[in-house]
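Remarks on the structure that follows.
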Amino acid sequence: MENTDKKIKEIMDRRLTELTRRYPVLGPVRDSIGEAYLAIKESYDRGGKLMVAGNGGSCADALHIVGELMKGFCKKRPLPAELKDAIASFDEENGAGIADRLQMGLMAIALSEHQSLNTAYANDVDPGLMFAQQLMGYGRKGDSLLLISTSGNSKDLIAMIPVAKALGVKVIGLTGKDGGRISREADVSIVAPGEETYKIQELHLPIYHTLCLMLEDTYFEV
């Protein structure tokens, strides 16, 4: 346990120092970023997953995050030998090649990417609860939920918070301006400095890249 704690501290110190050196303006939220990393790590340690939601540009950020987590980001993440052998055993001709090209992933879901479900629910019930409905289906105790909103007041994201808390899902807010309601109600809150939407979004990217880097460092050696 002591070695594990030492490794986690080293990862956080290295990555957060690198981030704040490149973006000094993020110095005041360094600890919050570390808290968000630990919350997501706890979910993964328990066999859970990360769900991500946002609107507009923040929707694109949600997709970006999932892309970094579900495949190699800065590391190749090769499959363990036992898993490679198992895949190869089911296809003598192609299995070994398939296993060699696959990468380990960290389970993450962008809740904006289910068009049939979202449009059906929006049409039949309430467009403001599309994300909350997905959370009802996907959310499990111990999971984590990252809500991205430059204002912190996106109504469809706020509607997810009581659902998440009822399900035992940890809520992380990535916002800007004064943080809005999301920052007040989330379990962990990162409020990027800035008032203009595009400037806040420009800071969100290095923040979530750092989160993804820390998670990759935690679970993958190469």
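Going left to right, the sequence shown walks through residues 1082 to 1303 as the numbering used here numbers them. Ideal Cβ positions, reconstructed from N, Cα and C, are used throughout, including at glycine. These numbers were taken from a predicted model, which means no experiment stands behind them.
Counting beta carbon pairs with one atom in the region 1237–1250 and one in the region 1273–1282, are three or more of them shorter than 8 Å?
Under the Cβ criterion (8 Å, minimum of three pairs), the region 1273–1282 does not count as touching the region 1237–1250.
Less than 6 Å between C-beta atoms, sequence neighbours within five positions excluded: which residues of the same chain meet that for residue 1153?
Along the sequence shown, read from residue 1 onward, the residue named residue 1153 stands at position 72. Within its own chain, the residues whose Cβ lies closer than 6 Å to the Cβ of residue 1153, once the five positions on either side in sequence are excluded, are 1184, listed in chain order.
Which same chain residues, not among the five before or five after residue 1306, have their C-beta less than 6 Å away from its C-beta?
A query on residue 1306 cannot be resolved here, the shown segment of the chain reaching from 1082 to 1303 and no further.
Going by beta carbon distance, what residues of the same chain come within less than 6 Å of residue 1250, once the five residues before and after it are set aside?
Residue numbering aside, residue 1250 sits at position 169 when the sequence shown is read from its first letter. Cβ-Cβ distances below 6 Å link residue 1250 to 1220, 1224, 1226 in the same chain, with the five nearest sequence neighbours on each side left out; the list follows chain order.
Smallest Cα separation from residue 1117: which of 1138, 1204, 1252, 1299?
Counting from 1 along the sequence shown, the entry for residue 1117 is found at position 36. Per the C-alpha coordinates, the member of 1138, 1204, 1252, 1299 positioned closest to residue 1117 is 1252.
Near residue 1290, which residues of its chain fall below 8 Å by C-beta distance, leaving aside the five closest residues on each side in sequence?
Within the sequence shown, residue 1290 is the residue found at index 209, counting from 1. For residue 1290, the CB contacts under 8 Å within the same chain, skipping 5 residues up- and downstream, are 1149 in chain order.
For residue 1217, which of helix, strand or coil comes out of DSSP?
By 1-based counting over the sequence shown, the position of residue 1217 is 136. It is helical.
May I ask you to report which of helix, strand or coil DSSP gives residue 1269?
One-based indexing of the sequence shown puts residue 1269 at position 188. In the three-state DSSP reduction, residue 1269 falls in the strand class (E or B).
Pick helix, strand or coil for residue 1254, following the three-state DSSP scheme.
Looking up residue 1254 in the sequence shown gives position 173. The answer is strand: DSSP assigns residue 1254 an E or B state.
Going by the DSSP bridge assignment, what does residue 1133 pair with across the sheet?
As a first step, residue 1133 is located in the sequence shown; it is residue number 52 there, counting from the start. The secondary-structure analysis by DSSP pairs residue 1133 across a beta bridge with 1191, 1227.
Measure the beta-carbon distance from residue 1273 to residue 1281 and round it to whole angstroms, keeping in mind my assumption that it falls under 8 Å.
As a working note, residue 1273 is residue 192 in the sequence shown. As a working note, residue 1281 is residue 200 in the sequence shown. Right, the Cβ-Cβ distance comes to about 5 Å (below 8 Å), so this counts as a contact.
Report buried or exposed for residue 1233, applying the criterion of at least 16 other Cβ atoms within 10 angstroms of its Cβ.
Residue numbering aside, residue 1233 sits at position 152 when the sequence shown is read from its first letter. It counts as buried.
State the DSSP-derived secondary structure class of residue 1287, mapped to helix, strand or coil.
Residue numbering aside, residue 1287 sits at position 206 when the sequence shown is read from its first letter. Residue 1287 carries a helical assignment under DSSP once its states are collapsed to helix, strand and coil.
Exposure label - residue 1206; buried when at least 16 CB within 10 Å:
Position 125 of the sequence shown, counted from the first residue, corresponds to residue 1206. By the 10 Å Cβ count, residue 1206 comes out exposed.
Which partner residues of residue 1243 appear in the DSSP bridge assignment?
By 1-based counting over the sequence shown, the position of residue 1243 is 162. DSSP lists no bridge partner for residue 1243.
May I ask which residues mark the beginning and end of the alpha helix (DSSP H) holding residue 1170?
For the purposes of this step, residue 1170 is identified with residue 89 of the sequence shown, where counting begins at 1. It spans 1162–1170 - the alpha helix (DSSP H) in which residue 1170 sits, taken as one unbroken run.
Assigned exposure category for residue 1167 - 16 Cβ within 10 Å defines buried
Residue mapping note: residue 1167 aligns to position 86 of the sequence shown, counting from 1. Counting C-beta atoms within 10 angstroms of its own C-beta, residue 1167 has fewer than 16 neighbours from the protein chains shown and is therefore classed as exposed.
Given residue 1104 as reference, the closest of 1299, 1300, 1297, 1283 once Cα atoms are compared:
On the sequence shown, residue 1104 is found 23 positions in, with the first residue counted as 1. Checking every option, the nearest Cα to that of residue 1104 belongs to 1283.
Among 1106, 1228, 1101, nearest to residue 1142 - alpha-carbon criterion
Translated into the one-based positions of the sequence shown, residue 1142 becomes position 61. Cα-wise, what sits closest to residue 1142 is 1228.
Around the C-beta of residue 1215, are 16 or more other C-beta atoms found within 10 angstroms, so that it is buried, or is it exposed?
Position 134 of the sequence shown, counted from the first residue, corresponds to residue 1215. Label assigned to residue 1215: buried.
Could you pull out every unbroken alpha helix (DSSP H) segment of at least 4 residues lying fully inside the region 1085–1162, listed in chain order?
As far as the region 1085–1162 is concerned, its whole alpha helix (DSSP H) runs of at least 4 residues are 1111–1126, 1138–1150.
Determine the contact status of residue 1244 and residue 1120, defining contact as a CB-CB distance below 9 Å.
Position 163 of the sequence shown, counted from the start, is the residue given in the question as residue 1244. Position 39 of the sequence shown, counted from the start, is the residue given in the question as residue 1120. Residue 1244 places its beta carbon 9 Å or farther from that of residue 1120.
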